[in-house]
Amino acid sequence: MTRPAPFSDDGGERRGSPPGDDGRIETARLEGVTKRFGVKVAVSSLSLTLYAGEVFAFLGPNGAGKTTTLKMTTGLLRPDSGHVTVCGLSMRDAPRQAKQHIAYVPDLPFLYDKLTGREFIHFVRDMYGVPPALAAERLAHLVQRLDMAAFLDQLTEGYSHGMKQKLALAAALIHEPRLLVVDEPLVGLDPRSIRVIKTIFRELAQAGCTVFMSTHTLDVAEAVADRIGILSSGRLVALGTLAALQSQSPGTRLEDIFLQLTDEASAAPAGLERRA
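Numbering of the sequence shown is given in our numbering, commencing with residue 13 and proceeding in unit increments.
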């Protein structure tokens, strides 16, 4: 994506964990997180590290724990045990500071019906303290990329699902997050918009952002993800690049790997995990 809009270096502080032994910079770390809802264990002892400059795709069947994990990463849910850090900041001890580096787009975006799209963007801009002139520059670029000009000044109560998805993504990017968390980001979008957003995700990663997304669409994961995690019954059963996952079963497609691992995990005892 061409800088300076919308991913300009505006002089703001860029924060992250120090580089590891392999030189990669951690954006987020989940350490042994578990979340229960009553007697149901939604996520069980999950550990995961996300790095700057990558698109990470979370795959799993319905009810696998993907959305719960995303919400724990953003601080919307607190794990019953385990710990989450974002950009070196503890989500337990410094949640407000950690959340300054995050943007979250849920599968059903919440918008204020009586605001126009532009007014909603301005609301988010002010919440994050982005200077109006800088936000206007970023917004102009996003409006053009996401083809939002025709509806930006309409009340959001009349938006289609696809229009809401575009607005929510634009709002999420207005403060240039270090970690973009998106839940089923391409549902309800037309093919052209899907292609544009996939390109934006890759450009964000190239600019140093981390994109952490859940998806049911396996070809999207194949097309844009640097690494893939497969979740089943709240457990991370596979983790690695697409090539590494496929190397364990040469000649197989991601769909076959996904079905095999999720079927195995549903019948396996707790603790099953494959890393590639």
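Quick reminder that beta carbons are idealized off the backbone N, C-alpha and C, glycines included.
Boundaries of the alpha helix (DSSP H) in which THR39 is found, first to last residue: Unbroken run through THR39 is the beta strand (DSSP E), 38 to 49; no alpha helix (DSSP H).
With H, G and I counted as helix, E and B as strand and the rest as coil, what does DSSP make of THR264? coil
Look at the alpha carbon of ARG239 and the alpha carbon of LEU254, and state the distance between them as a whole number of angstroms. 7 Å
Between ARG15 and PHE49, what straight-line distance do the alpha-carbon atoms span, to the nearest angstrom? In this prediction, ARG15 scores a pLDDT of 37, lower than 50, which makes its location untrustworthy; no coordinate-derived value is stated.
Is it a yes or a no for the segment 165 to 183 touching the segment 120 to 127, going by three-plus beta-carbon pairs under 8 Å? yes
Going by C-alpha to C-alpha distance, which of GLY77, SER172, LEU185 sits closest to HIS153? LEU185
DSSP beta-bridge partners for PHE122? Bridge partners of PHE122: none, in fact.
Which complete alpha helix (DSSP H) runs does the segment 55 to 107 hold, if anything under 4 residues is left out? 78 to 86
Flag this pair as yes or no: are the beta carbons of VAL136 and HIS187 separated by less than 9 Å? yes
Find the nearest neighbour of PHE132 within the set PRO143, ARG108, ASP105, ASP165, judged by alpha-carbon distance. ASP165
For the alpha helix (DSSP H) that SER195 lies in, which residues bound it at each end? One point to set straight first is that residue 195 is Asp, not Ser, in the sequence displayed. From DSSP, ASP195 is part of no alpha helix (DSSP H) but of the beta strand (DSSP E) over 191 to 195.
For LYS52, count the other beta carbons within 10 Å of its own beta carbon; 16 or more makes it buried, fewer makes it exposed. Which is it? exposed
Nonlocal neighbours in the same chain, by C-beta distance under 6 Å from ASP268, ignoring five residues either side: none
When you compare each of ASP138, ARG36, LEU273, LEU266 to LEU243 by their alpha carbons, which one comes out closest? LEU273
Rounded to whole angstroms, how far is the Cβ of GLU66 from the Cβ of THR222, which I believe are closer than 8 Å? 6 Å
To which residues of the same chain is ARG130 closer than 7 Å at the C-beta, ignoring the five residues directly before and after it? LEU164, ASP165
Can you name the start and end residues of the alpha helix (DSSP H) that PHE132 belongs to? 129 to 140
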